[in-house]
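Beneath this line is the structure, given in structure tokens, with notes to follow.
Residue numbers (our numbering): 162 to 213.
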């Protein structure tokens, strides 16, 4: 919760440090992580369904 608060408070500074290229890289990286989590959740669900 504290980390989230700090990110919100410091978001302008973080945005200036990252710049356009950094934001683009971060967006793509977080997208890949989110996609990997989604695939893992689906695979776990299918595995559980097959075991039942």
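Here a beta-carbon is modelled for each residue, glycine too, at the ideal position from N, C-alpha and C.
Point to revise | Which of helix, strand or coil DSSP assigns to residue 195 | key: Assigned with DSSP and collapsed to three states, residue 195 falls in helix.
Point to revise | Between the CA atoms of residue 174 and residue 209 - distance to the nearest angstrom | key: 45 Å
Practice item. Give the secondary structure of residue 209 by DSSP, where H, G and I count as helix, E and B as strand, and everything else as coil. Key: helix
Check your understanding: With respect to the alpha helix (DSSP H) encompassing residue 167, which residues constitute its N-terminal and C-terminal limits?
Key -> 163-170
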